[in-house]
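Shown next, in structure tokens, is the structure this report addresses.
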Amino acid sequence: MVNRYVKTKFVIDCFHTAFRFKYDKDFIFKGERHDFWEMTLLRSGMLTFIQDERVYHLNAGEIIFHAPMVFHREMSRDGTSPEGFTLSFHTEGELPENLSCGVFKLGEDEIEEFSLLIDPLIEYVNLGTGDDFEAQLLRDKLSSFLIRISKGKTSTPILRSQSEIDYNRLVSVMREHVSENLTLNDFSHLTGISVSYMKLLFGKFAGISPKSYFSSLRASESARLLDTGMHISEVSEKLDFSSQNYFSIFFKKHYGISPREYTAAQRSTSLDKT
Numbered sequence: 010m011v012n013r014y015v016k017t018k019f020v021i022d023c024f025h026t027a028f029r030f031k032y033d034k035d036f037i038f039k040g041e042r043h044d045f046w047e048m049t050l051l052r053s054g055m056l057t058f059i060q061d062e063r064v065y066h067l068n069a070g071e072i073i074f075h076a077p078m079v080f081h082r083e084m085s086r087d088g089t090s091p092e093g094f095t096l097s098f099h100t101e102g103e104l105p106e107n108l109s110c111g112v113f114k115l116g117e118d119e120i121e122e123f124s125l126l127i128d129p130l131i132e133y134v135n136l137g138t139g140d141d142f143e144a145q146l147l148r149d150k151l152s153s154f155l156i157r158i159s160k161g162k163t164s165t166p167i168l169r170s171q172s173e174i175d176y177n178r179l180v181s182v183m184r185e186h187v188s189e190n191l192t193l194n195d196f197s198h199l200t201g202i203s204v205s206y207m208k209l210l211f212g213k214f215a216g217i218s219p220k221s222y223f224s225s226l227r228a229s230e231s232a233r234l235l236d237t238g239m240h241i242s243e244v245s246e247k248l249d250f251s252s253q254n255y256f257s258i259f260f261k262k263h264y265g266i267s268p269r270e271y272t273a274a275q276r277s278t279s280l281d282k283t
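Written out as structure tokens, the structure is:
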């Protein structure tokens, strides 16, 4: 008989937040990037989610995932007051790639399964109740749920309006040119979209200026490159900064620490895990 060992693709190593929500019809979340996964199940109402260049419209009974370091923003839609659950967590290893590429329509049994996990997780994360064995059981159940969901069919972003299409194109071009130190006028020439309209689009969908958005993309890319082991001077050159000193100032503005301090902290974290 041949022994077949199951390779672990990912492990949920800690929970970050767990809560129920009920937003009013004017709710707008300003948007952020963070280093953990987040998932939202909508039970009623409608929400619009912006994830980088993609615009999703979430309806009742659907679930959406935010991958780490993806800019996301959300808002109530069509005068509804959305209700649902949000859960965030850190992982060791990578979740199935398609979890970050669309909206999943759940059946009633799947909604019930996820709902049964929420209350114990809320108690464990927010109230500190329950022991580690119970937490491991919750983690394993959620991992199994995520694997099964990833086998489902995702929908593509629904671009309902010309403004959504233009925003998608703008952010896509910014991501393609993240290693270049470009201005808004440069992006205007690349896309044919005026700077004034560009500002309107980013105000509507991202809640920040296009300059700030592109700056955050470059900051995220610089951290990613440092994580690969690339030297600070190499990252500075690759991202077209005028000097390593200016890159360090830029990085510290976004992350609160210098690139040198960041790489030292990442190295220390890696050693702690070995």
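Under this note's numbering, the sequence shown has 34 at position 25, and the numbering climbs by one with no breaks.
No residue lacks a Cβ here, since even glycine has one placed at the ideal position from N, Cα and C.
Counting only residues of its own chain and dropping the five nearest sequence neighbours on each side, R178 has a CB closer than 7 Å to the CB of T200.
Between E41 and R184, the C-beta gap is not smaller than 8 Å, which leaves the two residues out of contact. Within the DSSP bridge table, the entry for V64 names I59 as partners. Membership of R13 in any alpha helix (DSSP H) is not indicated, and neither H nor E is assigned to it by DSSP. Counting only residues of its own chain and dropping the five nearest sequence neighbours on each side, I59 has a CB closer than 6 Å to the CB of R82 and F214. Rounded to the nearest whole angstrom, the CA to CA distance from T272 to S85 is 39 Å.
Membership of L146 in the alpha helix (DSSP H) is indicated by the continuous run D141 to S159. Listed as beta-bridge partners of S97 by DSSP are T26 and E47. DSSP places E122 inside the alpha helix (DSSP H), whose first and last residues are E117 to I131. Under the three-state reduction of DSSP output, M183 falls in the helix class.
Apart from sequence neighbours up to five positions away, the residues of its chain that approach R269 with a beta-carbon distance below 7 Å are I241, ordered along the chain. According to the DSSP secondary-structure assignment, R52 is paired through a beta bridge with no residue. Shown here for G161: same chain residues with a beta carbon closer than 6 Å to its own, the five before and five after excluded, namely F113 in chain order. Secondary structure of E92 (DSSP, three-state): strand. Rounded to the nearest angstrom, the gap between the Cα atoms of L130 and T26 is 9 Å.
For F45, same chain residues with a beta-carbon under 7 Å away, outside a window of 5 residues either side, are H25, P77, S97, F98 and H99 in chain order. A straight-line Cα-Cα distance of about 28 Å links Y206 and H43. In the structure shown, H75 adopts extended strand secondary structure according to DSSP, grouped into three states.
For E83, the secondary structure class from DSSP, reduced to helix, strand or coil, is strand.
Judged by DSSP in its simplified three-state form, F223 adopts helix. In this structure M55 touches D87 by the C-beta definition: roughly 5 Å separates them, less than 8 Å. Per DSSP, reduced to three states, the secondary structure at E189 is coil, with no helix or strand assignment. In the three-state DSSP reduction, E103 falls in the coil class, being neither helix nor strand. In the structure shown, the three-state DSSP call for F19 is strand.
Here the stretch 226-240 makes contact with the stretch 255-270; the two share three or more CB pairs at distances below 8 Å. Contact annotation, F94 with L50: C-beta distance approximately 5 Å; criterion of less than 8 Å satisfied. Looking only at Q171, G102 and S245, the smallest Cα-Cα distance to I202 is reached by Q171. In this model, S197 and I217 are separated by some 17 Å (Cα to Cα). Assignment of I258 by DSSP, reduced to helix, strand and coil, places it in the helix class.
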